[in-house]
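Colleague: One point on numbering: in this note's numbering, the residue at position 55 of the sequence shown is 55, and numbering is uninterrupted.
We put the beta carbon where it would ideally sit given N, CA and C, even for glycine.
Handing you a structure now.
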Amino acid sequence: MELSERSHQLDLLARRLGDLRRPAGQAVDARPVIALTGPVGAGKTTLLQALARRATDAGVRFLGASASRAERAVPLEVVRQLVRATPPDDARARLERLLDQGVLTWSDLDDGQEGPARTIAAIGGALLELAARGPLVIGIDDVHHADVPSLRCLDYLARRIPGLPVLIVLTEAPRTRPWHPEVYAELLQPARLHRIRVPLLTLDGTHRALADRLGAPTARSIAEETHRISGGNPLLVQALADDHLAAVPRGAARPESGEAFREAVLSCLYRCEHLVLKAARALAVTDEPLHGALLPQLVDVRAESALLAIDEATSAGLITEGGLRHPAVGRAVLDGTTAEERARLHRLAACLLHEDGESPVLVARHLLRTDSLAEPWMAPTLLDAGEQALLDGEVDAALRFLRRAHRDGTDECLRARARSALARAEWRLDPQGAMPHLQGVASAVRAGHLGSTQAAGPIQYLLWHGQIDKAVELVRHLSDRADSSDPRSAAELLVTKGWMATLYPGVTIDHQAPVPARRDPLTIAKVKQRLQGVTMLASVLERGDGGAVEEAERVLSTIGLDDERDMWTAICALITMIYADRLDLAGEWCGRLGRSATVSRHPTPAAMLAALDAAIAGRRGDLTRAQELADTALNQLSPKGWGVVIGIPLAIRLRALTFLGELDSAAACLQVPVPQVLFETPFGLHYLHARGLHALATGSPESALADFQLCGQLMAAWRLDLPALIPWRTESARALLQLGRRPQAEKLVREELGRLRPGHVRYRAAALRVLAAAEEGRDPIPHLRGSVRLLRQCGDRMELAHSLTDLGHAYQQAGDLRQARKATRAARTLAQECGLPLLRPAAAPGRGGPAGADPDVAVLVEGLSDTESRVATLAAQGHTNREIAEKLFLTVSAIEQRLTRIYRKLDVDSRRQLAVRLRLDRPGAMPAERLGAPRKPPGRDGDARR
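And the structure:
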């Protein structure tokens with residue numbers, strides 16, 4: 001080991017070595033014994049070896065020996081090593097004979113009986129004769145392990161060498177209890193002892209030691225963490241340096257604790273006392289502080305005071321007040337402990353914690369590492385710990401506890417509860433992962449091993465995955481054997497039925513809860529609390545009730561996403577805010593919930609929050625963000641994992657891409673497989689709505705109308721014909737306008753307006769815009785101004801851009817060009833913010849037949865000025881340059897120049913390509929409202945001069 005921060009100790013030893021060569025009586029320090037004291041691994045042996053080299057270089061004799069724990073019982077072993085280091089002569093031979101006789105003498109003594117003083121005097125006298133021959137250094141490493149006879153002889157010598165050029169240098173490590181303390185104390189009497197402390201390295205010393213091995217740049221980057229791991233123990237520092245050199249790839253910014261470090265830790269512990277080793281193993285198993293309650297019983301010490309002597313000095317710096325210094329130390333200790341010993345310690349720790357009444361989670365951490373669940377309380381404790389970990393949001397820990405309880409438990413009811421809890425835990429990480437457990441849960445319910453409380457979660461997962469028949473069967477089975485005297489089970493059953501009716505409004509269950517349960521106030525209160533999410537949704541959808549938002553905010557302030565029962569209520573509260581167009585408030589709460597540790601660790605709630613965030617962005621008109629968030633949500637779970645709920649993120653993505661004009665990408669959404677049972681849920685309504693919008697955008701109003709009318713039929717059958725859920729009448733009217741069926745469109749949209757409540761601002765605005773286009777011979781401006789006012793109130797920038805476009809066109813038709821320009825500019829600004837590629841007014845009134853391409857309607861195109869947009873629209877409709885010039889009061893040359901710029905900006909080279917780009921084609925075609933098309937390479941056909 002290289003020396004670092006040891007110059008002071010070396011200087012002291014060098015001065016004492018110099019005293020040996022001075023004339024008698026002139027020594028600076030006459031104390032004949034030096035003790036180098038420091039923790040195991042601190043470098044004491046290295047200092048002793050350095051002294052031996054210097055003594056040899058100075059012509060001073062050096063006799064060395066090394067004691068060991070294994071040879072404590074071998075009499076005179078340390079003295080024999082010293083004798084072997086002397087040159088062979090008569091004196092050495094005589095000493096060897098004395099040692100042989102001494103060994104026989106001590107071997108015949110009983111334990112604890114003192115050796116004969118005459119033997120000690122004889123051997124000590126012979127040693128004194130050797131010492132008197134000239135300057136001599138006697139070095140003994142690890143003297144705390146020396147055998148008692150050798151200590152007696154050394155004490156005899158130390159008392160007689162003052163005045164002689166002899167120096168005895170001992171190395172020792174602090175012990176919790178010295179070996180034969182009375183003998184040891186006699187040798188190290190303070191009057192003749194010079195103690196030199198060898199402390200652990202400081203941070204600066206650690207840096208210098210690393211720089212010598214690894215270079216200064218690497219040392220700077222890892223010195224602090226290396227010191228934290230090693231505590232400044234030079235042996236451990238060097239081991240970490242060795243591991244860093246061996247690591248692949250090299251140059252890591254953190255120290256590597258590998259094989260060398262593990263061996264160094266174990267070497268230090270084996271050289272410490274056995275009590276320290278036992279304590280280190282117990283601390284590695286329990287991860288407790290040094291003076292925790294378990295340690296005395298785990299190491300089996302009769303007096304707890306014995307543990308008070310364990311500190312950094314007696315443990316080589318490996319144990320501190322907080323326990324083992326670093327997790328890397330704990331791993332090394334466990335690696336050096338047999339599997340049987342680890343299991344024994346964990347089992348004993350679990351029993352002690354259980355007897356003390358500690359929490360099941362603490363007990364279960366040890367039960368996981370036992371070889372068997374031998375006691376009756378062990379499996380139930382694992383189950384309780386798993387359920388508690390689920391409540392705390394620790395899903396990974398819950399899975400470990402529950403899997404062990406299910407695997408090794410013998411009680412069928414307990415195993416069924418464990419399987420139900422496993423389904424809940426797996427669902428948090430991936431709803432598809434819960435599926436393997438649901439069949440077992442269903443069998444347990446049929447066998448009577450699970451009640452309503454334990455089955456509620458798995459039944460919801462069956463609903464999530466569209467397995468409605470199995471869910472209904474279980475609910476009916478639970479209803480048949482419901483216990484009217486158990487309000488909790490009755491409440492759970494009612495809550496389960498409530499959620500089933502919400503997710504699958506077309507499904508009916510004939511069985512009712514027992515009459516006593518339906519009349520019990522506690523049961524009723526429990527059911528209302530658990531179904532308050534459903535109540536809030538109904539309130540905002542039916543009445544646009546602002547009070548529902550206040551209730552939603554109150555609910556969110558008291559619950560989170562840690563428990564799936566609260567999770568559904570929290571999700572409903574957020575949806576309530578979204579339907580009420582309190583988008584800023586909903587976005588704020590999504591952000592708060594998303595920052596919780598539960599959401600960051602668990603994909604399912606994270607995916608659901610991302611989908612709601614996407615819905616908020618879409619309703620604000622931030623289409624790009626809506627698409628990105630929907631992609632995030634869809635990527636967090638597999639399509640199968642989403643179950644029927646996939647209808648929400650998929651619909652949001654489809655709608656956003658459609659309005660962004662990315663029709664090919666939008667069409668790809670329709671290729672994602674969805675379960676057929678999706679269309680038995682409200683999620684399917686949103687999917688049908690988005691699919692209809694895509695059909696409108698791609699020029700298929702018949703398909704769009706079919707989807708919108710199917711929404712209406714389902715909502716009517718479910719008694720959910722609420723415009724705030726899906727405004728299917730307004731959307732159907734749009735499709736009818738494209739089909740030229742204006743009277744039917746007007747009738748539907750007026751019916752929609754009659755059903756809307758005052759709080760349904762967004763949907764009234766959309767209906768007014770469609771009504772402005774559908775009414776025959778009426779001024780559309782009042783309707784459009786009302787639509788604009790309402791849309792500004794609810795914050796939907798995309799729909800506002802379209803309403804402003806229609807309003808601008810209406811003003812233009814009325815001859816109010818100043819208001820037309822103002823509305824058009826505002827529409828263009830909003831379109832750019834939302835990422836809308838095109839803006840086209842709705843079909844103008846006064847035309848029979850299919851909705852035609854009005855020659856006075858200008859499609860607002862991103863990147864073109866207002867005039868260029870009008871020129872492009874007229875050219876795409878088939879007008880010649882002269883006809884366009886006459887309509888716009890410009891010269892033919894000006895039209896040609898503008899067309900050239902338009903072709904270059906839109907990357908087209910003909911009127912036909914321009915019509916495709918604007919989706920107008922020829923007069924009489926059915927234009928879409930928001931469309932884009934792939935661009936083609938530019939050509940040179942001179943079309944701009946037509």
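Does ARG322 pass the burial test, meaning 16 or more other C-beta atoms within 10 Å, or should it be called exposed?
Modeller: For the sequence presented, residue 322 should be read as Gly rather than Arg. So GLY322 counts as exposed.
Colleague: The alpha helix (DSSP H) spanning ILE781 covers which residue range?
Modeller: 781 to 794
Colleague: Count Cβ pairs between the region 284 to 293 and the region 252 to 259 that sit closer than 8 Å; are there 3 or more?
Modeller: By the Cβ test, the region 284 to 293 is not in contact with the region 252 to 259, since fewer than three Cβ pairs between them sit closer than 8 Å.
Colleague: Thinking SER315 and VAL276 are a contact (beta carbons under 8 Å), I'd like their distance in whole angstroms, please.
Modeller: 5 Å
Colleague: Give a yes or no on whether the C-beta atoms belonging to GLY38 and VAL143 are separated by under 8 Å.
Modeller: no
Colleague: VAL966 by DSSP, collapsed to three states: which one?
Modeller: Nothing can be reported for residue 966: it is not among the residues displayed for the chain, which extend from 1 to 946.
Colleague: Excluding the 5 residues preceding and the 5 following ARG922 in the sequence, name in chain order all residues of the same chain whose CB lies nearer than 6 Å to its CB.
Modeller: With a pLDDT of only 33 at ARG922, under the threshold of 50, the placement of this residue in the model should not be trusted; the figure read from the coordinates follows. Result list for ARG922: GLY878, in chain order.
Colleague: Round the Cβ separation of TRP464 and VAL644 to the nearest angstrom and send it over; I've been treating them as touching at under 8 Å.
Modeller: About 7 Å separates the two Cβ atoms, so the contact holds.
Colleague: Along the beta strand (DSSP E) that carries PHE62, what are the first and last residues, could you check?
Modeller: 61 to 66
Colleague: What are the boundary residues of the beta strand (DSSP E) that includes GLU799?
Modeller: Element bounds for GLU799: not the beta strand (DSSP E) but the alpha helix (DSSP H), 797 to 814.
Colleague: Give the range of the alpha helix (DSSP H) segment to which ASP141 is assigned.
Modeller: No alpha helix (DSSP H) holds ASP141; the beta strand (DSSP E) holding it covers 136 to 141.
Colleague: What residue range is occupied by the uninterrupted beta strand (DSSP E) comprising ALA35?
Modeller: Where ALA35 is concerned, the enclosing beta strand (DSSP E) starts and stops at 33 to 37.
Colleague: Would the beta-carbon of ALA65 fall within 8 Å of that of ILE140?
Modeller: yes
Colleague: I'd like to check one pair, ALA158 with LEU187: are the Cβ atoms closer than 8 Å?
Modeller: yes
Colleague: Grab me the residues of VAL892's own chain with a C-beta within less than 6 Å of its C-beta, minus the 5 sequence neighbours each way, in chain order.
Modeller: ASN881, ARG882, ALA885
Colleague: Looking only at C-alpha atoms, which of THR381, LEU531, VAL761 sits nearest to ASP408?
Modeller: THR381
Colleague: Here's the rule I'm using: 16 or more other beta-carbon atoms within 10 Å means buried, otherwise exposed. How should ARG325 be labelled?
Modeller: buried
Colleague: Give a yes or no on whether the C-beta atoms belonging to LEU193 and ARG31 are separated by under 8 Å.
Modeller: yes
Colleague: At a cut of 8 Å, does the region 43 to 51 reach the region 326 to 343 through at least three beta carbon pairs?
Modeller: Touching, no.
Colleague: I'd like the list of long-range same chain contacts for THR730, defined as Cβ closer than 8 Å, with 5 residues on each side in sequence excluded.
Modeller: PRO723, LEU748, VAL749, GLU752, TYR763, ALA766, ALA767, VAL770
Colleague: Are the beta-carbon atoms belonging to HIS354 and VAL361 less than 8 Å from one another?
Modeller: No, Cβ-Cβ distance for HIS354 and VAL361 is not below 8 Å.
Colleague: Check whether the Cβ atoms of PRO165 and GLY124 lie closer than 8 Å to each other.
Modeller: No, these two residues do not count as a Cβ contact at 8 Å.
Colleague: Evaluate the contact criterion for the region 710 to 724 versus the region 659 to 673: three or more CB pairs, one atom per stretch, below 8 Å.
Modeller: no
Colleague: How many angstroms separate the CA atom of LEU10 from the CA atom of LEU3?
Modeller: 10 Å
Colleague: Starting from the Cα of ALA389, find the closest Cα among HIS809, ALA418, LEU373 and give me that residue.
Modeller: The residue among HIS809, ALA418, LEU373 with its C-alpha nearest the C-alpha of ALA389 is ALA418.
Colleague: Comparing alpha-carbon positions, which option in GLN81, ALA831, ALA67, GLY533 lies nearest LEU623?
Modeller: ALA831
Colleague: Between which two residues does the alpha helix (DSSP H) containing HIS948 stretch?
Modeller: Since the first residue shown for the chain is 1 and the last is 946, residue 948 is missing from the structure and cannot be characterised.
Colleague: Hey, how far is the Cα of LEU720 from the Cα of ALA398?
Modeller: Inter-residue distance for LEU720 and ALA398 is about 39 Å (C-alpha atoms, whole angstroms).
Colleague: Is the separation between the beta-carbon of PRO149 and that of PRO75 shorter than 8 Å?
Modeller: yes
Colleague: What are the boundary residues of the beta strand (DSSP E) that ARG195 is part of?
Modeller: 193 to 197
Colleague: Between which two residues does the beta strand (DSSP E) containing THR171 stretch?
Modeller: Residue range 166 to 172 is occupied by the beta strand (DSSP E) that includes THR171.
Colleague: Got a sec? Which residues, its chain only, sit under 7 Å from THR226 by beta carbon, not counting five neighbours each side?
Modeller: THR206, LEU210, VAL237, LEU240, PRO255
Colleague: Any idea what DSSP makes of LEU839, helix, strand or coil?
Modeller: strand
Colleague: Quick one: give me the first and last residue of the alpha helix (DSSP H) that ALA184 is part of.
Modeller: Looking at the sequence provided, one finds Tyr at residue 184 rather than Ala. Segment 181 to 187, the alpha helix (DSSP H) holding TYR184.
Colleague: Are the region 537 to 551 and the region 565 to 576 in contact at 8 Å, needing three or more beta carbon pairs?
Modeller: yes
Colleague: Excluding the 5 residues flanking ALA122 on each side, which residues of the same chain have their C-beta closer than 7 Å to its C-beta?
Modeller: For ALA122, where only same-chain residues beyond five positions count, the Cβ hits under 7 Å are LEU98.
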